[in-house]
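The structure appears below as structure tokens.
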Ligand SMILES: [K+]
Ligand SMILES: [K+]
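Chains as they are written, first to last, in the working numbering: chain A, 1 to 449; chain B, 1001 to 1449.
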């Protein structure tokens, strides 16, 4: 019996179950009477959607957070965001450590899986590093933003409270806001936008990258070499960011940007390209964008952030392997090379599976929402936008999410969960026990495409 | 110089160049003054679009064929359809044979590539078989439809003329019509619809399947075994067809089908699921469908027909390998097995590349059309529908193609060409010379998804 249970509870399954459990716990906390403001009540469906959105650090909402939740509710929301952002398993293990116990190997494996790490070595060190990095970055962000917000808010407390929430929501890429207007009030304050963008980058670039950067600048490691993962993830992240900035400018220069000064055009492009890749905060109403830009934003949200980060989507490395494989094919090569290394066949296989499942899944999700909503109330662009936002755990919205029926909202919740857990981890969690093949079938060629 | 030319003119490149050349020749023929009806003139852009649509057997149009082209024009259109449908190279080689020359090996390779065949054996026999099958099936179809059309048309000539064109447009999956109303007048004539569906199947199922069927029923080959290709292509073709029928019924039963007798509901579902997979003829206005059905139809058009057929899209075998790979992964297996055979690693690689290039390409194409069309005149659903129709060489339309700007129409033309040639053949045509790798780089694992 015990053995059967252990066999069932593979690391990937524990991860998924932990996220789901965290979502339900937060939903119950948010549903408590004192979690909402006086005279305001929410349905359990609304509490559940908010909880799923918080733990998956997405930021899509069916209720206006600032007008609905009390102090206690916002605290529970923040708890959900930290749980989901820094990693259910990492926090769980931290508690374990604080309680003075040793970390058993099985537990170490869980963190490895949650943070998507491949090597076992230095796992405890890695986890301490992640927690420390998350804490330090959020503290620095809160201090800078809080101090700067003294210009905006009446009391010192309000300024630092808003600064701390902003730093958290930016670094964890949660995208929630407690002002009710996201960053729209700061549309001309480029300093605030820059700080938020840097925090979004820090969260989305991937924890391994942050830790390797620290090693790189440490005097102890003169021969330090960045891993292939860090090179691919970081370059893909910023190349896609740059393409996003350029294309947004091309699509909007004669539309929304028409007549704006160059620096406004630049910052709208910079901020939108950054926030689509899991951030979710916004300086403008998405409905102002052209159809081409909305498609571009959907694409950026779908690509999402790096693995082992606070973001979602198909992830930067999946996109990179896709493009590297196409490039290899175009150049007439059999192997896929980059940065003087070869991509492992199994990683190519994973990328293919992620892409396939994503394509079928997103298409199916959008078709289901269209079917649930019936006759033509919502246009395809809006449905695609919200679904991409959910899968990329971005949280940007064209505003239709609160108006969708509950079955459609369930579809969005599933997209948020899968987007946060990551398609590979999610698939591993529902995968059958690995089978050793006892004999080979003969291979026969077929015609493709 | 001669050697350099031969080196440049790889079989795949010759195929693509031949299609493009055929498109330009037909466009010039359609642009001749006597190709249009008295008092009607078209621009060269319109002639080019019609020619690309004909040679790619798509059926999207920017002008009303029945009201625009003269007898000569329709003859040129039919020539384009036969060229594109039966295969530029096959017809070319047929001419060569008729002239009494032997087929040189290089020429045989071209047919092999055009019809996407892998083995060299029996190539001339294969080509004769394809031409004979195409001719016989179209003749049978023309006889049945022509005779039956005696009930509908005033003169015997008109009935058989319409019957012959119908049989051609259905078997080649061209989707053009010379009545100006497609099959809408036959919305209650299930016999006409059934004959058209059978012709669409025969064209889209793939030539190798037709030839293997003939061998199977031949008394000469008692031990005949269907190839893996035929098994995968045929089962995928009909499974997707069945899913399409079922889902159309689910999506429309309370919408367009509301209040219809069951047989009307059945035949609308059957015909739409069949025609989306490259046929292009229609018994109804696509704008009557719900958003969910329009998405489903777009998906069916994107999947398209089998390789080595008259259809387009990512092709049935690509979809099959995608699903088989996902299934293998879910079952915890390393190899991809089906029908007691194993899928070759290179075919999996091709499927991955087709899927990747398709995803990026269709997304890019839709974004470009959205950008070209500027501010919100066309909704995303309509753009996606026309783009899917072009790539799947289906030819179904929500009616916006004639209203698109010429740059957007160019995007559709490229999609039609690539959809017809097939992504694999197209990619091989722009691929660099295969390079033997001189040394291996070290492999390094990364984190995916
Ligand atoms: K977010
Ligand atoms: K067609």
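Just so you know, even glycine gets a beta-carbon here, dropped at the ideal spot from N, CA and C.
State the Cα-Cα distance for the pair residue i and residue j, rounded to the nearest angstrom.
i                       : j                       : result
residue 1154 of chain B : residue 1022 of chain B : 35 Å
residue 1141 of chain B : residue 1227 of chain B : 27 Å
residue 1356 of chain B : residue 149 of chain A  : 45 Å
residue 1271 of chain B : residue 85 of chain A   : 49 Å
residue 58 of chain A   : residue 14 of chain A   : 21 Å
residue 256 of chain A  : residue 289 of chain A  : 7 Å
residue 184 of chain A  : residue 1401 of chain B : 39 Å
residue 1043 of chain B : residue 403 of chain A  : 47 Å
residue 1033 of chain B : residue 1408 of chain B : 26 Å
residue 1120 of chain B : residue 1131 of chain B : Any reading at residue 1120 of chain B must be qualified, since the residue scores a pLDDT of 49, below 50, and its modelled position is unreliable; the value itself is stated next. About 18 Å.
residue 1268 of chain B : residue 1283 of chain B : 7 Å
residue 1002 of chain B : residue 198 of chain A  : Low per-residue confidence applies at residue 1002 of chain B: pLDDT is 43, beneath 50, and the placement is therefore not dependable, though the value from the model is reported in the following sentence. Distance between the alpha carbons of residue 1002 of chain B and residue 198 of chain A is about 58 Å.
residue 1430 of chain B : residue 1423 of chain B : 11 Å
residue 1231 of chain B : residue 315 of chain A  : 35 Å
residue 178 of chain A  : residue 164 of chain A  : 11 Å
residue 211 of chain A  : residue 134 of chain A  : 11 Å
residue 1364 of chain B : residue 1382 of chain B : 16 Å
residue 398 of chain A  : residue 292 of chain A  : 14 Å
residue 118 of chain A  : residue 307 of chain A  : Confidence at residue 118 of chain A is low in this model, with a pLDDT of 48, below 50, so the placement of that residue should be treated as unreliable; the coordinate-derived value is given next. C-alpha separation (whole angstroms): 12 Å.
Could you tell me which of the options sits nearest to residue i, measuring between CA atoms?
i                       : options                        : result
residue 1207 of chain B : B:1324, B:1042, B:1233, B:1193 : B:1233
residue 1145 of chain B : B:1314, B:1337, B:1159, B:1215 : B:1159
residue 1166 of chain B : B:1138, B:1184, B:1237, B:1188 : B:1138
residue 17 of chain A   : A:81, A:55, A:195              : A:55
residue 1151 of chain B : B:1170, B:1181, B:1324, B:1192 : B:1192
residue 46 of chain A   : A:63, A:246, A:381             : A:63
residue 1371 of chain B : B:1406, B:1303, B:1353, B:1188 : B:1406
residue 1322 of chain B : B:1383, B:1343, B:1283         : B:1343
residue 1136 of chain B : B:1187, B:1080, B:1202         : B:1202
residue 263 of chain A  : A:189, A:219, A:297            : A:189
residue 1281 of chain B : B:1382, B:1027, B:1060         : B:1060
residue 1413 of chain B : B:1379, B:1381, B:1366         : B:1366
residue 205 of chain A  : A:328, A:285, A:236, A:249     : A:236
Whose Cβ in chain B lies nearer than 7 Å to the Cβ of residue i?
i                      : result
residue 329 of chain A : 1353, 1427, 1431
residue 133 of chain A : Those within 7 Å of residue 133 of chain A in chain B number zero; the least Cβ separation is about 17 Å.
Strictly below 7 Å CB to CB, what residues from chain A border residue i?
i                       : result
residue 1366 of chain B : 295
residue 1322 of chain B : 356
residue 1363 of chain B : 299
Counting only Cβ pairs nearer than 9 Å, list the residues of chain B close to residue i.
i                      : result
residue 276 of chain A : Going along chain B, no residue has its Cβ under 9 Å from residue 276 of chain A, so there is no contact; the nearest lies around 14 Å.
residue 284 of chain A : Near residue 284 of chain A there are no residues of chain B at all, since even the closest Cβ is about 17 Å away, more than 9 Å.
residue 246 of chain A : Result: empty, since nearest Cβ-Cβ is about 13 Å, beyond 9 Å.
Within 10 angstroms of the Cβ of residue i, are there 16 or more other Cβ atoms? Answer buried if so, exposed if not.
i                       : result
residue 1101 of chain B : With a pLDDT of only 49 at residue 1101 of chain B, under 50, the local geometry of the prediction cannot be trusted, and the value read off the model is given with reservation. That one is exposed.
residue 1345 of chain B : exposed
residue 1012 of chain B : buried
residue 67 of chain A   : exposed
residue 1170 of chain B : buried
residue 19 of chain A   : buried
residue 1238 of chain B : exposed
residue 1224 of chain B : exposed
residue 246 of chain A  : exposed
residue 1075 of chain B : exposed
residue 1073 of chain B : buried
residue 1339 of chain B : exposed
residue 348 of chain A  : buried
residue 40 of chain A   : exposed
Chain B partners of residue i, CB-CB under 8 Å?
i                      : result
residue 384 of chain A : 1380
Starting from residue i, find everything on chain A with Cβ-Cβ shorter than 9 Å and list it in chain order.
i                       : result
residue 1167 of chain B : Correct list: empty, because the minimum Cβ distance to chain A is about 26 Å.
residue 1212 of chain B : Simply none; closest approach about 13 Å.
residue 1325 of chain B : 349, 352, 353, 356
residue 1251 of chain B : 367, 370, 371
residue 1305 of chain B : Near residue 1305 of chain B there are no residues of chain A at all, since even the closest Cβ is about 12 Å away, more than 9 Å.
Please list the partners that residue i has in chain A, where partner means a Cβ-to-Cβ separation under 8 Å.
i                       : result
residue 1204 of chain B : Within 8 Å Cβ-Cβ: nothing; residue 1204 of chain B doesn't reach chain A, min ~14 Å.
Decide if the stretch 388–407 of chain A is in contact with the stretch 264–279 of chain A; the criterion is three or more beta carbon pairs, one per stretch, under 8 Å apart. yes
Could you tell me whether the stretch 1277–1297 of chain B touches the stretch 1311–1321 of chain B, using the rule of 3 or more Cβ pairs below 8 Å? yes
Do three or more CB pairs link the stretch 73–84 of chain A to the stretch 171–186 of chain A at distances below 8 Å? yes
With three or more C-beta pairs closer than 8 Å as the rule, is the stretch 413–420 of chain A touching the stretch 333–341 of chain A? no
I want to know whether the stretch 1284–1300 of chain B touches the stretch 1205–1219 of chain B - three or more CB-CB distances under 8 Å. no
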